[in-house]
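Number of protein chains: 2
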Amino acid sequence: MYPPSIQKLIGQFSKFPTVGPRTAARFVFYLLKIPKEEAESLQESISQLKEKVRLCSFCFNPFEGEEELCEICDNPGRDKSTLCVVEKEPDLEAIEKTKQYKGRYFILGGTVSRLRKEDVKSLRTKELIERAENPEIKEIILATNSTPEGENTALYLERLLAETKKKTTRLGRGIPVGGELEYADPETLKSALEGRK
Amino acid sequence: MYPPSIQKLIGQFSKFPTVGPRTAARFVFYLLKIPKEEAESLQESISQLKEKVRLCSFCFNPFEGEEELCEICDNPGRDKSTLCVVEKEPDLEAIEKTKQYKGRYFILGGTVSRLRKEDVKSLRTKELIERAENPEIKEIILATNSTPEGENTALYLERLLAETKKKTTRLGRGIPVGGELEYADPETLKSALEGRK
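Chains as they are written, first to last, in the numbering used here: chain A, 1373 to 1569; chain B, 1373 to 1569.
Right, dumping it as structure tokens:
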């Protein structure tokens, strides 16, 4: 049995996403090996994160500052008529990197694999409906992943947003740029054929 | 771009074993979601770990206390003539759980995939030779993993310890208990045939 202070930290790291007890133990032994200053710097960073970062009250994107809105939502140059719904923060980052999208975002906070009450509860659906009901918004892009969970979530949102009578769209599916037909799976090819132009 | 306090923590988590930048980002967003108290408790655990845990001056097993030796090394009931060399802490735990081994341990601190100077330097070879030269020790069990790195490391240690003229042994290889021949790979079957009794 590991000593209590090791066991406690293994338990805490095991709660991290994708981390099981074995990986958590590796994290703890890694922390035991690094210099004390490095471990202190990690603690300080966690503390700074919790102190400085807040979530945008419109899109839930994390940002540093005392304002209510993040830089994107606060930017008067952004198109207020389009709302892009993403699963999580890195998806927003990925779309921003394209520099092609000029509207606003909404971070849903996850996906649902089944439409059970407990699963749906973890999503920010109430807030999404509130945003969608704003008359400024003309189009809602459901930019969920092209995974079973992402598709399922998009279908759920489509039904949920039907009452708002807003136009909902999905991202185009097809062969990724640089991708070869030979290696594309049948579902992707089917989408590529349907989406030809 | 993520705000600086998020980026800094992503960089720090990326140094954790098995963690890349994408997983590190997931860790940070997880920390943003949990209550402040939970994040503070994590910081406190890291601080406690660095304060309370020390490495046994004989076997390098981490333990809590002010003593020089861990409970295993300090136990007069343990057989002082056998030394079991393991790669890392969880391997020691795994052998202890069998309750079959009564000797002492030595945590090597890693494996080598190639015998480059830089690789070998990360292992506690100097300390191992020191322990092995103790006249009390009669047998050294090289309990490295049955992976290419583990085998390579064991071969390296065998050569390194040859000068001490101590008997070195390896763990038995073969079909795992509950394992089926049909699914055993040829190398395992070969070892099982060679190790038949």
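Backbone N, C-alpha and C fix where the C-beta goes; we use that ideal spot for every residue, glycine too.
The structure displayed is predicted, hence computed values, not measured ones.
Skipping 5 residues on each side, what residues in its chain have a beta carbon closer than 7 Å to that of Phe1399(A)? Phe1385
Residues bridged to Ile1512(B) [DSSP beta-bridge criterion]: Leu1455(B), Thr1540(B)
Using a C-beta to C-beta distance shorter than 8 Å, which residues of chain A count as neighbours of Ile1418(B)? Within chain A, the residues near Ile1418(B) are Leu1381, Leu1403, Ala1411, Leu1414, Gln1415.
I'd like to know whether the C-beta atoms of Val1458(B) and Leu1464(B) end up nearer to each other than 8 Å. yes
DSSP puts Phe1435(B) in a beta bridge; with which residues? Arg1426(B)
Whole-angstrom distance between Phe1478(A) and Phe1430(A), CA atom to CA atom: 7 Å
Are the beta-carbon atoms of Gly1546(A) and Ala1564(A) separated by less than 8 Å? yes
Taking only beta-carbon positions, decide if Leu1421(A) is within less than 8 Å of chain B. yes
Using the C-alpha atoms, what's the distance from Leu1495(B) back to Pro1548(B)? 29 Å
Partners in chain B for Lys1574(A), counting only beta-carbon separations shorter than 9 Å: Since the first residue of chain A shown is 1373 and the last is 1569, residue 1574(A) is not available in this structure.
Pairwise C-alpha distance: Val1484(B) and Gly1437(B): 31 Å
Going along the chain, which residues of the region 1422-1451 of chain A sit with their C-beta nearer than 7 Å to a C-beta in chain B? Lys1422, Lys1424, Val1425, Pro1434, Phe1435, Glu1436
8 Å Cβ cutoff, Gln1384(A) in contact with chain B: yes
Report yes or no: do the region 1386-1395 of chain B and the region 1442-1452 of chain B share at least 3 C-beta pairs separated by less than 8 Å? no
Between Glu1521(B) and chain A, is there a C-beta pair that is closer than 8 Å? no
Taking any Cβ of chain A, which residues in the region 1545-1556 of chain B have a Cβ under 7 Å from it, in chain order? Cβ proximity to chain A below 7 Å picks out nothing from the region 1545-1556 of chain B.
Shorter than 8 Å from the beta carbon of Phe1388(A) to some beta carbon of chain B? Yes - at least one Cβ of chain B is within 8 Å of the one on Phe1388(A).
Using a Cβ-Cβ cut-off of 6 Å (strictly less than) and excluding sequence neighbours within five positions of Pro1434(B), which residues of its own chain qualify? Val1425, Leu1427
Using a Cβ-Cβ distance cut-off of 8 Å, determine whether Ile1467(A) contacts chain B. no
For Thr1395(B), return the contacting residues in chain A, with the cut-off set at a CB-CB distance below 7 Å. Ordered by position in chain A, the residues that pass the 7 Å Cβ test against Thr1395(B) are Thr1390.
Looking only at its chain, what residues have a beta carbon closer than 8 Å to the beta carbon of Met1373(A), apart from the 5 residues adjacent to it on each side? Gln1379
Buried versus exposed call for Gly1522(A) [16 or more other C-beta atoms within 10 Å across all chains shown]: buried
Compare the beta carbon distance of Arg1450(A) and Gly1475(A) with 8 Å and say whether it is the shorter of the two. yes
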